[in-house]
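Right, one structure below, let's go through it.
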Amino acid sequence: MAPLYILTTVPRVLSQFLVDAATGGLVASFRTYVKPRHHPRLTAFCSELTGIQQEQVDGGVDLATALAMHDEWLAAAGAAKNRLAVVTWGDWDCRTMLESECTFKGLAKPAYFDRWINLRIPFEAAFDAGRRNLQEAVREAGLQWNGRLHRGLDDARNTACLLVELMRRGVPISITGSLVQPPPPPPPEPELQLQQQLSPANHNFRWCVGGAAATDCCCYCGVAVRGDVVTTPGPMQGRCFLSCGNWTPMGPMCPFFLWAA
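Okay, here's the thing in structure tokens:
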């Protein structure tokens, strides 16, 4: 079975644990500090929240280098990129933070970050729980919280332990979020395609004085249809319609007919 890859990201530090989905074992860990390019000085709030110190980010690397180091770590751990599932607590890490940062800096983000498992979703389903932060969820699952909340490596370790516990309980784990566009639907069958083509909603009618019509619709002959108006006295008099564009003295060349909405 593919290893599940645990990703917990703090804006200025990249921290992960690699979990083997078959055994539930923690295979390896990774952490590197990312040096901010535009706001290099940490605020007091950031340091108090995460425990990150200014000298740690000063000695960090830029985001491109961090991502390259991360790929090397995956290769050394024997984790194939096409057999990974990124696991986070919440959607912000992959949907917002890493995506916007790579876009802003013009970096090619590894494709495996485009699909992820928000562990909050299976946890809340399994425990019938309302919104919990990561620390509350870990304790509610009967686990011991280790380390400091909002410190990258500690968050990653506790997320990994919670994942393993949910797997042990038999909780279904699957992809919950994605930045990948779904594939286009298959082309319709010929008959359905013809029905869609003949649908009034799919035609761009522009009626002119005297009943002449211009449209982007073709009749069965493959030529532009002919627009006309019913002149015969009766309930349909004055209604506009489209018919075969290959009209001859002997009549139309195909049975195409469509009332104009």
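Numbering-wise, our numbering comes out as the position in the sequence shown, counting from 1, plus 983.
In this text, a Cβ means the ideal position worked out from N, Cα and C, and glycines have one as well.
Computed from a predicted structure; not experimentally measured.
Rounded separation between residue i and residue j - CA only
i     : j     : result
A1091 : A1120 : 34 Å
R1078 : L1102 : 14 Å
G1034 : R1014 : 14 Å
A1139 : I1100 : 14 Å
A1196 : T1215 : Summary for A1196: the model assigns pLDDT 42, below 50, so the residue's position carries little reliability; its value from the coordinates is reported in the next sentence. Rounded to whole angstroms, A1196 to T1215 spans 19 Å at the Cα level.
V1002 : C1201 : 59 Å
Y1203 : V1213 : 21 Å
W1128 : R1134 : 12 Å
A1005 : M1150 : 10 Å
K1064 : W1056 : 11 Å
D1076 : V1206 : 54 Å
L1032 : D1045 : 22 Å
G1073 : A1062 : 23 Å
A1051 : S1012 : 15 Å
P1168 : S1161 : 18 Å
R1066 : A1058 : 12 Å
A1027 : M1080 : 21 Å
E1082 : N1141 : 24 Å
A1184 : T1231 : Residue placement at A1184 is poorly supported in this model, since its pLDDT is 42, which falls under 50; the coordinates are not used for a value here.
When the options are compared against residue i, the one with the closest alpha-carbon
i     : options                       : result
G1007 : W1242, G1153, T1231 and E1082 : G1153
A1094 : A1068, L1117 and A1112        : A1068
H1053 : A1207, P1166, T1026 and S998  : S998
V1017 : Q1036, H1133 and A1049        : A1049
T1086 : R1115, W1242 and A1047        : A1047
H1021 : E1082, L1057, L1117 and D1041 : D1041
L1145 : L1117, V1163, T1159 and Q1039 : L1117
G1221 : A1243, G1073 and N1141        : A1243
P1165 : V1208, D1097, R1209 and P1155 : D1097
I1158 : M1219, I1104, P1023 and R1131 : I1104
F1106 : V1070, T1231, P1167 and P1235 : V1070
A1108 : P1155, V1163 and L1241        : P1155
F1240 : G1217, M1219, T1231 and R1209 : R1209
G1043 : L1081, P1019 and E1084        : P1019
Strand pairing of residue i, partner residues [DSSP]
i     : result
S1083 : Beta-bridge pairing links S1083 to no other residue.
D1211 : F1224
L1241 : L1225
S1161 : R1098
C1201 : A1207
V1121 : V1121 pairs with nothing; no bridge assigned.
G1217 : Answer by DSSP bridge pairing: none, since G1217 is not bridged.
L1009 : V1002
G1234 : T1231
Beta-carbon proximity list for residue i, same chain, < 8 Å, skipping 5 on both sides
i     : result
G1125 : E1148
S1030 : Q1036 and Q1037
A1060 : L1001, V1010 and A1011
Cβ neighbours of residue i in the same chain (closer than 7 Å, five flanking residues each side left out)
i     : result
A1143 : I989, F1000, V1002 and L1009
S1182 : Any reading at S1182 needs caution, since the residue's pLDDT is 47, under 50, leaving its predicted position unreliable; the model's value is listed next. Same-chain partners within the cutoff: there are none.
E1123 : F1110, A1112 and R1115
Q1039 : Y1016
M1219 : V1213
K1088 : L1046
P1235 : S1226, C1227 and N1229
E1084 : L1046
V1163 : D1097 and R1098
Same chain, Cβ closer than 6 Å to residue i, five either side skipped, listed in chain order
i     : result
C1237 : C1202, Y1203, C1204 and C1227
L1136 : S998 and R1014
Q1180 : Summary for Q1180: the model assigns pLDDT 49, below 50, so the residue's position carries little reliability; its value from the coordinates is reported in the next sentence. Once the five neighbours on either side are set aside, Q1180 has no close Cβ partner at all.
L1025 : Q1037
R1131 : G1034 and D1137
Any C-beta of chain B under 9 Å from that of residue i
i     : result
C1223 : In the structure shown, chain B does not exist; there is a single protein chain.
Legend entry - Runs of beta strand (DSSP E) wholly within the stretch 1028-1072 (minimum 3 residues, chain order): 1069-1071
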